[in-house]
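Chemist: Under our numbering, the letters of the sequence shown match residues 1215 to 2133, in that order.
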Amino acid sequence: MDPRLVPEAMREAFDRHTPTVFPAYETVHAVGSALLSSSREDGCEQGIVASAVLIAWARKEARGTPSEPSIAFNLGSALASMACGEDAPPGTREKGIGQMREAIAALPAGDPVREVMLAELRRTLAWQPPATHPDGSPEAEITAYIREGGPERLDRAVDLLRAMADAPAAEEQERARRRAELGQALRIRFELTGDLADIDASIAELEAVVAAGIPDPELRASAFSLLGVAHLARYVQLQQPLDLEAATRAARAACDDPATDASPAHPQRLTDRASVLTMRYRVGGDLADIDQAIEDLTFAAHATPPSQHDHPVMLIKLAVALKERGVRTEDIKSLDAAEKLLRPLAGTPSDTGPNELLARMGLGDVLFARARLTGDATGLVGAIDQYAAAARASTEAVRSRLICARRWGMAAVELGALGVARTAFGVALAELLPKLAGRALGRESQEARLRELPPLATTAAAVSLMAGEAQEALVRLEQGRGVLLAQALQLRGRQDELRGASRPLAERFEQLCADLVAPHRSPEQRRQAASDFDALVEKIRTLPRMGDFQRPWACEKLREAAAHGPVALVNVSPLGCFALLLAPATDGKGDEGTLDYLSLEVTAADITTRSETFRAAVAALADPATPGPERYWQDRAMKETLRWLGEYIAGPVLARLGLAQAPRPGEPLPRLWWCPTGVLSLLPLHGAVIDKGGTYVQDRVVSSYVPSLGSLMYARSRPAPRPGRASLVTVAVDAAGPAYPHLAALGEELAAAGEMPGPREELRDAAATPQAVLAALRAHTHAHLACHGVRNPADPSRSRLLLHGGELTLRELAAERLPDAEFAYLSACHSAAPGEELADEVVSVASAFQLCGYRHVIGSMWTVKDAVGPLLAREVYRNLAAPDTPGPAHALHRAVAALRAHDDYKDPLLWASVVHSGP
1215 MDPRLVPEAM REAFDRHTPT VFPAYETVHA VGSALLSSSR EDGCEQGIVA
1265 SAVLIAWARK EARGTPSEPS IAFNLGSALA SMACGEDAPP GTREKGIGQM
1315 REAIAALPAG DPVREVMLAE LRRTLAWQPP ATHPDGSPEA EITAYIREGG
1365 PERLDRAVDL LRAMADAPAA EEQERARRRA ELGQALRIRF ELTGDLADID
1415 ASIAELEAVV AAGIPDPELR ASAFSLLGVA HLARYVQLQQ PLDLEAATRA
1465 ARAACDDPAT DASPAHPQRL TDRASVLTMR YRVGGDLADI DQAIEDLTFA
1515 AHATPPSQHD HPVMLIKLAV ALKERGVRTE DIKSLDAAEK LLRPLAGTPS
1565 DTGPNELLAR MGLGDVLFAR ARLTGDATGL VGAIDQYAAA ARASTEAVRS
1615 RLICARRWGM AAVELGALGV ARTAFGVALA ELLPKLAGRA LGRESQEARL
1665 RELPPLATTA AAVSLMAGEA QEALVRLEQG RGVLLAQALQ LRGRQDELRG
1715 ASRPLAERFE QLCADLVAPH RSPEQRRQAA SDFDALVEKI RTLPRMGDFQ
1765 RPWACEKLRE AAAHGPVALV NVSPLGCFAL LLAPATDGKG DEGTLDYLSL
1815 EVTAADITTR SETFRAAVAA LADPATPGPE RYWQDRAMKE TLRWLGEYIA
1865 GPVLARLGLA QAPRPGEPLP RLWWCPTGVL SLLPLHGAVI DKGGTYVQDR
1915 VVSSYVPSLG SLMYARSRPA PRPGRASLVT VAVDAAGPAY PHLAALGEEL
1965 AAAGEMPGPR EELRDAAATP QAVLAALRAH THAHLACHGV RNPADPSRSR
2015 LLLHGGELTL RELAAERLPD AEFAYLSACH SAAPGEELAD EVVSVASAFQ
2065 LCGYRHVIGS MWTVKDAVGP LLAREVYRNL AAPDTPGPAH ALHRAVAALR
2115 AHDDYKDPLL WASVVHSGP
């Protein structure tokens, strides 16, 4: 055509808007995509194949261009459609879906094209049938557990995978794959049971696989991913920052290799990385972490077939991440999106399975969070329904059910429904808590599971008291405090009644008790012994008059704790602080005491602050390097705390019990047993100042401390040694090295213990090894230990006594059964101070000696100067030897009175540290 024939206006328009010349691959791609769409509608296999050929050519030509992701995605879509044909080569569908995943991964989050691709990928995956595994294979067992539950399936999977990993004929890559799967199975079982041996073994297996330098990038990426979630699981339980750091490194390494982005396992690896990022967000609060987690989970959920067993887990984790962001940013839309994901997964209350439970818990959290943001009480009602259904799912994991039961109770409190809250906490404490830290677990695993929980017993007791139910509050405190102590005492008590009912069953029971207490037993041995124990207890309960054997005590029985004097249980809770007061029956009929309660005008935050101030003060005053002006202010802080303690807690308790006034001349001071909860157990109630004249609680009552009513009644039930059977071992060792001050008064302490009549063995310095001391404790009824004590507030069971050549830890002491033990004097710093962690388990060196079997223990709450130890010990033993001394509590009280009579030792810093525990 002659250009002159084109109208001038058209030529000018062409000059102004030059038409775009599309590359050939764009044209071919457009033709192939149109052909693919029409061929799908018509069911034309040849057309689909032709479209794939066209788009494949376009993909090759478009490499490195901005159009490549879209063309690659459509090629993958064509291949997935080809797989429906009869003549499609094997693996065509998998290859196509891999192409689609790889294309999506190349686009940034928020890209509109990416969102369209995700929707198309989800539709494509919806056609995929569920994966099948041979019956009895480890894969089948794990899949069945995830869908339906059943701990026996996990046990079978672990056993099968161990055998496969250890098979001599297995190739290295196959062995590595099975070891990685074993690590995964052990981690899943740990999440169910809480046995730390499983998670430690899981991490060891996975670290070995990673360290082996696997050439297969897929297996290497999966091993890193599984290692990340294993470290994360251990972090959740033990809260060690190194585990979270290791989880982060491993999870990132799992997703760093672009060569694995198209893998069917890549969505699961993104899910694992998102789990770590969600935890990092909770710890550090960085929104970038939770945004990345949501991006990872959104992709994973769309890129995983809905029929795949872990697809619901991805959706639940996505909903949890959306909830976290919604709460932080006060974004209702994020909470609505989370609810939309969780509603279908939660199902109905009759639906059971691990995923349903997690979905209900997550949905409850979403509804609770939204109710708080909007003020709509309807959301609280919905949250209560979800939590209650989850808590009552009797076949599911106890840990998750217990968490739901507590949230059920707290949501009900917020709604003002105290009756519902009482029901929830009853389920938590009476039904679930005993199973959480069962006898099948080792002591460290039990403590780790309990440490993870926020306070249960004190909150439940506060709810009961808010409802005016004092008897229920007493039971709740006993159910939820000293759980491990109560378990251990059940294994050490006398079984005279059982022996009278059936000697063979009594002997079998004694043997199982010894098996459960014995140290260094494998997890399998512990599980078997615990199972045998439970079965035997059920059998014993069928005997005449033995129906309540090993059952928790009812309120009527607990009130018998006041048979020999009043008991004050001081409940510290964020919901309010109360004192439950047991006093001897006034009518003289029966052993049941009266029960009263008193609301205290303090808060849990007040007590925490005062406790921190007091502990800082006594630590500074015990340090010779503290300068004079600082000593003055710390002394004021200590004494001010003691006055506050008397005004707001100890004074009102004594007044309500009628003990605030001095007894008449010639009358003995009454006994009072203190049972404080939480951080209050770190303050000396007996050293509180109760009036303006400077009267201490010590001047009005003989104080003792008990971790629980059960421990007090257990100690009273054990007979004292027969006359002539008492014997004493004295231990004195200064073996701590340069990190601890020299103990200059050990010789004087040994001499002071000489006031105690009867046979005596002495272990001094090099003779006082941990093994020798344990052997001596087994051989004697009385023990005096003068050495350094190390308190571990964060992990109190790692507190210890420093002996020659080693340490004696609380866990080692807890494994002992000393049926003839009577009295222990622990002249070691902090021996009577429990840790801030596990405060309601009252774990201290003194309580460990009680657990061993000692009825009476004297210990120290903080460090005092060396000179005080021998003076106080001499007075204690002199009073114990006196014929008119009722027992160790009075002996200590009289010794303290003698110490206070000296001007040099009248300061409460010196005498209020030492306390008596026992009957």
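Where a beta carbon is used, it is the ideal one built from N, C-alpha and C, also for glycine.
Using CA atoms only, rank isn't needed, just tell me which of 1253, 1258 and 1244 is closest to residue 1268.
Modeler: Of the candidates 1253, 1258 and 1244, the one whose C-alpha sits nearest the C-alpha of residue 1268 is 1244.
Chemist: Nearest to residue 2107 by alpha carbon, out of 1709, 2079, 1786 and 1919?
Modeler: Selected option, being the one with the closest Cα: 1919.
Chemist: Please report the residue range of the beta strand (DSSP E) in which residue 1919 lies.
Modeler: Note, residue 1919: beta strand (DSSP E), 1916-1919.
Chemist: For the stretch 1574-1583 against the stretch 1525-1536, are there 3 or more C-beta pairs whose distance is under 8 Å?
Modeler: Yes, the stretch 1574-1583 is in contact with the stretch 1525-1536.
Chemist: What residue from 1963, 2064 and 1623 has the CA that sits closest to residue 1995's CA?
Modeler: For residue 1995, the nearest C-alpha among the options comes from 2064.
Chemist: Between the C-alpha atoms of residue 1296 and residue 1744, what's the straight-line distance to the nearest angstrom?
Modeler: Taking the straight line from one Cα to the other gives about 57 Å.
Chemist: Report yes or no: do three or more beta-carbon pairs, one from the stretch 2033-2050 and one from the stretch 2065-2081, lie closer than 8 Å?
Modeler: As far as the Cβ criterion goes, the stretch 2033-2050 touches the stretch 2065-2081, which means the pair count is three or higher.
Chemist: Start and end of the alpha helix (DSSP H) containing residue 1928?
Modeler: From DSSP, the alpha helix (DSSP H) with residue 1928 extends over 1923-1931.
Chemist: Roughly how many whole angstroms lie between the Cα atoms of residue 1215 and residue 1241?
Modeler: With a pLDDT of only 45 at residue 1215, under 50, the local geometry of the prediction cannot be trusted, and no value is derived from it.
Chemist: In angstroms, rounded to a whole number, what distance separates the CA positions of residue 1545 and residue 1326?
Modeler: Their Cα atoms are separated by approximately 22 Å.
Chemist: Once you ignore the five residues that flank residue 1286 on each side, which residues in its own chain have a CB closer than 7 Å to its CB?
Modeler: Only 1273, 1313, 1316 and 1317 meet the Cβ criterion.
Chemist: Decide yes or no for the touch test of the stretch 1781-1794 against the stretch 1851-1858: beta carbon pairs closer than 8 Å, at least 3 of them.
Modeler: Short answer: they don't touch.
Chemist: CA-CA distance, residue 1277 and residue 1613?
Modeler: Computed Cα separation, rounded: 51 Å.
Chemist: Between the alpha carbons of residue 1480 and residue 1393, how many angstroms are there, rounded?
Modeler: Answer to the nearest angstrom: the Cα atoms are 19 Å apart.
Chemist: Can you look up residue 2039 in the DSSP assignment and give me helix, strand or coil?
Modeler: Strand.
Chemist: Compare the Cα-Cα distances from residue 1419 to each of 1403, 1398, 1428 and 1405 and report the closest residue.
Modeler: The shortest Cα separation from residue 1419 among 1403, 1398, 1428 and 1405 belongs to 1398.
Chemist: Can you tell me which of 1351, 1361, 1409 and 1366 puts its alpha carbon nearest to the alpha carbon of residue 1395?
Modeler: Of 1351, 1361, 1409 and 1366, the residue nearest in Cα terms is 1351.
Chemist: Going by other Cβ atoms of all chains shown within 10 Å of its Cβ, with 16 needed for buried, is residue 1622 buried or exposed?
Modeler: Classification of residue 1622: buried, given that the 10 Å Cβ count is 16 or more.
Chemist: Please go through the stretch 1228-1278 and give each complete beta strand (DSSP E) segment of 3 or more residues, from N-terminal end onward.
Modeler: Entirely contained in the stretch 1228-1278, not one beta strand (DSSP E) run reaches 3 residues.
Chemist: Return the bridge partner residues of residue 1791 from the DSSP annotation.
Modeler: DSSP output for residue 1791 lists 1786 as bridge partner(s).
Chemist: Taking just the CA atoms, how far does residue 1412 sit from residue 1370?
Modeler: One C-alpha to the other measures close to 14 Å.
Chemist: Rounded to a whole number of angstroms, what is the C-alpha to C-alpha distance between residue 1925 and residue 1390?
Modeler: The straight-line gap from Cα to Cα measures roughly 50 Å.
Chemist: As a quick exercise: from 1782, 1616 and 1747, pick the residue whose alpha carbon is nearest that of residue 1727.
Modeler: Measuring from the Cα of residue 1727, the nearest candidate turns out to be 1747.
Chemist: If we ignore side chains and look at the alpha-carbon of each, how far apart do residue 2004 and residue 1384 end up?
Modeler: If I take the Cα positions, the gap works out to 49 Å.
Chemist: Between which two residues does the alpha helix (DSSP H) carrying residue 1480 extend?
Modeler: Here the alpha helix (DSSP H) through residue 1480 covers 1480-1498.
Chemist: Thinking residue 1401 and residue 1450 are a contact (beta carbons under 8 Å), I'd like their distance in whole angstroms, please.
Modeler: Actually they do not touch by this definition, with Cβ atoms about 11 Å apart.
Chemist: Whole angstroms are fine: how far does the CA of residue 2123 sit from the CA of residue 1963?
Modeler: One C-alpha to the other measures close to 20 Å.
Chemist: Could you check which residue in 2019, 1997, 2028 and 2018 has the C-alpha nearest to that of residue 2011?
Modeler: Checking every option, the nearest Cα to that of residue 2011 belongs to 2028.
Chemist: In the structure shown, what three-state DSSP assignment does residue 1347 receive?
Modeler: Looking at residue 1347 - three-state DSSP - the assignment turns out to be coil, as it is neither helix nor strand.
Chemist: Considering residue 2074, what are the terminal residues of the beta strand (DSSP E) in which it resides?
Modeler: Element bounds for residue 2074: 2070-2074.
Chemist: What is the residue span of the alpha helix (DSSP H) that residue 1718 lies within?
Modeler: Start and end: 1717-1731.
Chemist: Can you give the Cα-Cα distance for residue 1870 and residue 1895, rounded to whole angstroms?
Modeler: Taking the straight line from one Cα to the other gives about 21 Å.
Chemist: Helix, strand or coil for residue 2000? Go by DSSP, reduced to three states.
Modeler: The answer is strand: DSSP assigns residue 2000 an E or B state.
Chemist: Let me know the secondary structure DSSP gives residue 1890 once reduced to three states.
Modeler: Correct three-state label for residue 1890: strand.
Chemist: Residue 1836: which of 1602, 2081, 1763 and 1307 sits nearest, CA to CA?
Modeler: Minimum Cα distance to residue 1836 is reached at 2081.
Chemist: Let me make sure I understand the geometry here. Which of 1321, 1570 and 2059 has the alpha-carbon closest to that of residue 1560?
Modeler: Taking only the C-alpha atoms, the option nearest residue 1560 is 1570.
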